[in-house]
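See structure below.
In our numbering, the protein residues as written are 28 to 516.
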């Protein structure tokens, strides 16, 4: 009396079979006396088109007045053009609709689309057996075993199913109806046989892009100047930028910044101040600035940081993150929108911290946390901010020696973010020099790290510029060695 487990792809099915000790591999599944592990290949089923409900809809123009067409019940059909997939679906349907099948287990991706893939299969096969859900947060052996042991009734994930079905049906309603209307009325001539595609997300996104392009094309650039100058006082030399005293930004005039000179009269006034007799008085103030450690990554912040660090496109980052999760089992589920961790994970996190210490590049940071304890516990562990998945973190598994390329770089980034999130704040000494004359200020700030904290894990380039020496006194007289008005638009 077998239990049938459905994974989303063959590689995941193989991982599950290995953990559960199933060694007998068939063409369409793995099998033991009590368990069958089979797989989908992504989506195997799709919603039928309007003409498959009513042949009259084959003629788009003649049925245009019957739109919108919304079926009373949406029907499924196998996706055409994939012979091997059709064979896999037929075999799977036979397994899960068999009279001796005692349980059907959903081991598809732990997300909305994974839920939809499974639910469409069991609906198409008219499954009568009880159904349950394995929720895989990572692909390590321990995580697979835990997901198997703690599987729950599929009914607990009915809201996720409803969200997936609603998304798919909304896409269908807008896409099928909107595309027919657009293709019928927006063609340039009757000879034009091309079709126009409208979509719930793509059309709205295109509208945002078009609106922004129109805004750019309609922008009338306003010329302005920026005033840069070089000062010296004793052994100290530095560059600074003029900033308008008492300036307040105005959201209705975003171009009006403190350092921008918009009026020629203001430029001429500054030229007179610079040319006038007398030195500039320079004062330096120092203050401590604390920098909080980062939270762990969700997919969006991971993609953003990979883009700012290496100029990666979002798809490239997702591909590397998926490889780390599914192939190497080094990180947790990547398609998450949470940056927090469940409160019952503290012991597991402490274990992962220790395991990361086996890697030379991460050992000092791991040891620091083991010796001093984890900081920011309340900030990182928060059940109220964890949805279907928690933040992207390392699993603690030691990476293979041949891990390289994008996967290696992204893995190091995820590990460092994880370790940094449990370190204390970093502290910077912010030195601000203001050279003033007749109420006009030239300002320069420099930051120097005094207490590394989490910046020991994720260093930030810092160095005082050449010539930034101590002032002879505070305040002191300074000389403007040179200046330049830079014209911009």
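Note that the Cβ used here is the ideal one computed from N, Cα and C, for glycine as well.
Just to confirm, is the Cβ distance from residue 511 to residue 295 under 8 angstroms?
The residue given as residue 511 occupies position 484 in the chain shown. The residue given as residue 295 occupies position 268 in the chain shown. No, they are not a contact pair.
Going by beta-carbon coordinates alone, are residue 478 and residue 470 separated by less than 8 angstroms? Walking along the chain shown from the start, residue 478 turns up at place 451. Walking along the chain shown from the start, residue 470 turns up at place 443. No, they are not a contact pair.
Status (buried if at least 16 other CB within 10 Å, exposed otherwise) for residue 523:
Residue 523 lies beyond the residue range present for the chain, which begins at 28 and ends at 516; the question has no answer from this structure.
Checklist entry - Taking the alpha carbon of residue 214 as the point to measure from, which residue in 87, 134, 327, 274 has its own alpha carbon closest? => result Position 187 of the chain shown, counted from the start, is the residue given in the question as residue 214. It is 87 whose Cα lies nearest to the Cα of residue 214.
In angstroms, rounded to a whole number, what distance separates the CA positions of residue 468 and residue 302? Within the chain shown, the letter at position 441 stands for residue 468. Within the chain shown, the letter at position 275 stands for residue 302. Between residue 468 and residue 302, the C-alpha separation is close to 15 angstroms.
(message) What does the alpha-carbon distance come out to for the pair residue 440 and residue 384?
(response) Along the chain shown, read from residue 1 onward, the residue named residue 440 stands at position 413. Along the chain shown, read from residue 1 onward, the residue named residue 384 stands at position 357. Roughly 15 angstroms between the two C-alpha positions.
Which first and last residues belong to the alpha helix (DSSP H) in which residue 520 is found? Only positions 28 to 516 of the chain appear in this structure, which leaves residue 520 out of reach.
Q.
According to DSSP, is residue 214 part of a helix, a strand, or is it coil?
A. Mapped onto the chain shown, residue 214 falls at position 187. The answer is coil: DSSP assigns residue 214 none of H, G, I, E or B.
Where residue 507 falls: helix, strand or coil (DSSP):
Within the chain shown, the letter at position 480 stands for residue 507. Residue 507 falls in the strand class under three-state DSSP.
Margin query: Please report the distance separating the alpha-carbon of residue 126 from that of residue 352.
Written below: Numbered from its first residue, the chain shown carries residue 126 at position 99. Numbered from its first residue, the chain shown carries residue 352 at position 325. Those two C-alpha atoms are separated by around 36 angstroms.
Pairs of beta-carbons, one from the region 199 to 216 and one from the region 444 to 461, closer than 8 angstroms: are there three or more? no
Going by the C-beta, is residue 178 closer than 7 angstroms to any heavy atom of the ligand COA? Only the bare structure without any ligand can be found here, which leaves the ligand COA out of the picture.
| Separation of residue 243 from residue 273, as counted between CA atoms | The residue you call residue 273 lines up with position 246 of the chain shown. The residue you call residue 243 lines up with position 216 of the chain shown. Approximately 31 angstroms between the Cα atoms of the pair.
Under 6 angstroms Cβ to Cβ from residue 259, same chain only, skipping five residues before and after it: list those, please. Residue numbering aside, residue 259 sits at position 232 when the chain shown is read from its first letter. Counting only Cβ-Cβ distances below 6 angstroms, and skipping sequence neighbours, we find 506, 508.
*Should the region 144 to 163 be called in touch with the region 47 to 63, which here means at least 3 C-beta pairs below 8 angstroms?*
no
At least three beta-carbon pairs within less than 8 angstroms, the region 277 to 291 to the region 320 to 338 | no
Subject >> CB of residue 397 within 8 angstroms of CB of residue 447, strictly >> reply: In the chain shown, the residue the question calls residue 397 occupies position 370. In the chain shown, the residue the question calls residue 447 occupies position 420. No, they are not a contact pair.
Discussion item. If I follow the unbroken alpha helix (DSSP H) through residue 38, where does it start and stop?
Written reply: The count along the chain shown starts at 1 and reaches residue 38 at position 11. 37 to 46 is the span of the alpha helix (DSSP H), which, as asked, contains residue 38.
(request) Using the Cα positions of residue 404 and residue 364, report the straight-line distance between them to the nearest angstrom. (result) Along the chain shown, read from residue 1 onward, the residue named residue 404 stands at position 377. Along the chain shown, read from residue 1 onward, the residue named residue 364 stands at position 337. Answer to the nearest angstrom: the Cα atoms are 20 angstroms apart.
Query raised in the report: Taking only runs of the beta strand (DSSP E) that begin and end inside the region 230 to 290, which ones reach a length of at least 3 residues, in chain order?
Result: 251 to 260, 263 to 270
Using the three-state DSSP reduction, which class does residue 356 fall into: helix, strand or coil? Numbered from 1 along the chain shown, position 329 holds the residue referred to as residue 356. Coil, per DSSP.
Decide yes or no for the touch test of the region 352 to 361 against the region 159 to 168: beta carbon pairs closer than 8 angstroms, at least 3 of them.
yes
task: Thinking residue 211 and residue 91 are a contact (beta carbons under 8 angstroms), I'd like their distance in whole angstroms, please.
output: Within the chain shown, numbered from 1, the residue matching residue 211 stands at position 184. Within the chain shown, numbered from 1, the residue matching residue 91 stands at position 64. Yes, residue 211 and residue 91 are in contact; Cβ-Cβ is about 5 angstroms, under 8 angstroms.
field: Minimum Cβ-Cβ distance from residue 329 to chain C less than 8 angstroms
entry: Annotation note: the requested chain C is absent from the structure, which comprises a single protein chain.
- request: Measure the alpha-carbon distance for residue 465 versus residue 503 and round it to whole angstroms.
  value: The sequence position of residue 465 within the chain shown is 438, counting from 1. The sequence position of residue 503 within the chain shown is 476, counting from 1. Each residue's Cα considered, the two are about 15 angstroms apart.
- Item | Inter-residue CB distance, residue 161 and residue 134 (contact presumed, cutoff 8 angstroms) | To locate residue 161, count along the chain shown from 1; it is residue 134. To locate residue 134, count along the chain shown from 1; it is residue 107. That belief holds up - the Cβ atoms of residue 161 and residue 134 are roughly 4 angstroms apart, short of 8 angstroms.
With respect to the beta strand (DSSP E) encompassing residue 23, which residues constitute its N-terminal and C-terminal limits? Lying outside 28 to 516, the shown extent of the chain, residue 23 is not represented and no answer is given.
Going along the chain, which unbroken runs of the alpha helix (DSSP H) with 4 or more residues stay wholly within the region 55 to 104? 77 to 80
**Asked** Candidates 473, 104, 74: which alpha carbon is nearest residue 197's?
**Response** Looking up residue 197 in the chain shown gives position 170. Considering only alpha carbons, the answer is 74.
key: Proximity of residue 57 and residue 39 at Cβ, strictly below 8 angstroms   = Taking the chain shown and counting its residues from 1, one reaches residue 57 at position 30. Taking the chain shown and counting its residues from 1, one reaches residue 39 at position 12. Contact flag unset, no.
Exercise. Whole angstroms is fine: what's the gap from residue 78's alpha carbon to residue 42's?
Key: By 1-based counting over the chain shown, the position of residue 78 is 51. By 1-based counting over the chain shown, the position of residue 42 is 15. If you take the alpha carbons of residue 78 and residue 42, they lie about 41 angstroms apart.
- Task: Using three-state DSSP, classify residue 412 as helix, strand or coil.
- Result: Indexing the chain shown from 1 puts residue 412 at position 385. If DSSP states are grouped into helix, strand and coil, residue 412 belongs with the helices.
task = Look up residue 313 in the DSSP assignment and give the residues it is bridged to.
result = One-based indexing of the chain shown puts residue 313 at position 286. In DSSP, residue 313 forms a bridge with 458.
For residue 232, count neighbouring C-beta atoms within 10 Å of its own C-beta (all shown protein chains included) and say buried if the count is 16 or more, exposed if not. In the chain shown, counting from the first residue as 1, residue 232 sits at position 205. Exposed, by the Cβ-count rule.
Quick check on DSSP: helix, strand or coil for residue 106? Indexing the chain shown from 1 puts residue 106 at position 79. The answer is coil: DSSP assigns residue 106 none of H, G, I, E or B.
> residue 30 and residue 183 look like a contact to me (Cβ under 8 angstroms); what is the Cβ gap, rounded to whole Å?
Replying inline: Position 3 of the chain shown, counted from the first residue, corresponds to residue 30. Position 156 of the chain shown, counted from the first residue, corresponds to residue 183. Not a contact, Cβ separation roughly 18 angstroms.
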